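Participant:
2 protein chains.
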Amino acid sequence: MDDLTEMLKGTLEGCVLEIIRSEETYGYAITRRLNDLGFTDVVEGTVYAILLRLERNGLVQVTKRPSELGPPRKFYALNDAGREELTKFRTKWEYVSSRIDKLREGGE
Amino acid sequence: MDDLTEMLKGTLEGCVLEIIRSEETYGYAITRRLNDLGFTDVVEGTVYAILLRLERNGLVQVTKRPSELGPPRKFYALNDAGREELTKFRTKWEYVSSRIDKLREGGE
DNA sequence: CGTCCTACTCAGTGATACTATGTAGCAGTA
DNA sequence: TACTGCTACATAGTATCACTGAGTAGGACG
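These protein sequence lines map, in sequence, to chains A and B. Position 65, counted from 1, in the first sequence is what the UniProt record's numbering calls 65; the numbers after and before it change by one each time, with no gaps. Position 13, counted from 1, in the second sequence is what the UniProt record's numbering calls 13; the numbers after and before it change by one each time, with no gaps.
#1: Examine chain B for any beta-carbon lying closer than 8 Å to the beta-carbon of Glu55(A), and answer yes or no.
#2: Would you please state the rounded distance, in angstroms, between the beta carbons of Phe89(A) and Leu12(A)? I believe it to be under 8 Å.
#3: For Phe75(B), decide whether its Cβ has a neighbour in chain A, counting only Cβ atoms nearer than 8 Å.
#4: Kindly identify the DSSP beta-bridge partner or partners of Tyr28(A).
#5: Could you pull the start and end residues of the alpha helix (DSSP H) that Val16(B) belongs to?
#6: Within 8 Å of any Cβ in chain B, is that where the Cβ of Tyr95(A) sits?
#7: Answer with buried or exposed for Thr63(B), where buried requires no fewer than 16 other C-beta atoms within 10 angstroms of its C-beta.
#8: Should Glu85(B) go down as buried or exposed, given a rule of 16 or more other Cβ atoms within 10 Å for buried?
#9: In angstroms with no decimal places, state the Cα-to-Cα distance between Leu20(B) and Lys102(A).
#10: Flag this pair as touching only if the stretch 49–65 of chain B and the stretch 41–52 of chain A have three or more C-beta atom pairs under 8 Å; answer yes or no.
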């Protein structure tokens, strides 16, 4: 797939919120999950930047736990503000995608 | 609706391509069309910037025609490169949106 | 020791949409 | 004439976001 960078702006953070919602997890695993999902070009630096932003904005609860495979992991879980932010993201996504689909149908 | 700015990055240009495909038209009318569609915060300056970029990238054919209501209008039509770009946009959109939908279903 | 995978951080860059402002044509009206 | 409002296009500067590239570090395994 071509470069998706621009199209992911504003949505990649939402994807990370979705992943954290489905399971308390950490940056490295989130990156792997996104790659497996098809966002193959997303690298760790990008994900960690998003996670730091989520933390700075008070949307997640962070817990540091040791790992058997390397350095300690920072596990992320959504708090109330995070769940609210995810709801907002979903609403926006529905809004935008329904309109894009409508545009595409129009004037066939 | 909240601020859609970030989510429109990478997609607004595609929307403009869709509109031009459906009908040869001009900047002011494209802005109105986007507003009517639900992208109420999109303003002329944004659309004109996109149109200039499309022109610079050789994706459109431009024809200046007088208007009965004001200054002359610059009408835009897709050329072959523009149609190809639109196809690319649609492919990317399908790719991204299918994966976002999958994420949302996962771990309900 | 060296290599590899895991795991996190950060400074700098590039692309895109937005803000704010300016220019200008034409119509209606007072 | 003067004013207002809608049409129509353009552009310099800003903010945000994802990406690049580099660095730090722990543990396993040869």
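Beta carbons are placed, not taken as given, at the ideal position from N, Cα and C, and that holds for glycine. Computed from a predicted model, the values in this text were never measured in an experiment.
Facilitator: Let me spell this out:
#1: Residue mapping note: residue 55(A) aligns to position 55 of the first sequence, counting from 1. No, no contact with chain B.
#2: Along the first sequence, read from residue 1 onward, the residue named residue 89(A) stands at position 89. Along the first sequence, read from residue 1 onward, the residue named residue 12(A) stands at position 12. Incorrect: roughly 11 Å between the Cβ atoms, too far for contact.
#3: For the purposes of this step, residue 75(B) is taken as residue 75 along the second sequence, with counting starting at 1. Phe75(B) does not count as touching chain A.
#4: The residue you call residue 28(A) lines up with position 28 of the first sequence. None, per the DSSP bridge assignment.
#5: As a first step, residue 16(B) must be located in the second sequence, where it is residue number 16. Where Val16(B) is concerned, the enclosing alpha helix (DSSP H) stretches over 12–22.
#6: Against the first sequence, residue 95(A) aligns to sequence position 95. By this cut-off, Tyr95(A) is an interface position.
#7: The residue labelled residue 63(B) in the question sits at position 63 within the second sequence. Exposed, because fewer than 16 other Cβ atoms sit within 10 Å of the Cβ of Thr63(B).
#8: As a first step, residue 85(B) is located in the second sequence; it is residue number 85 there, counting from the start. That one is buried.
#9: As a position in the second sequence, residue 20(B) is number 20, starting the count at 1. As a position in the first sequence, residue 102(A) is number 102, starting the count at 1. Before going on, a small fix: residue 20(B) reads as Ile here, not Leu. Cα to Cα, the separation comes out at about 15 Å.
#10: no
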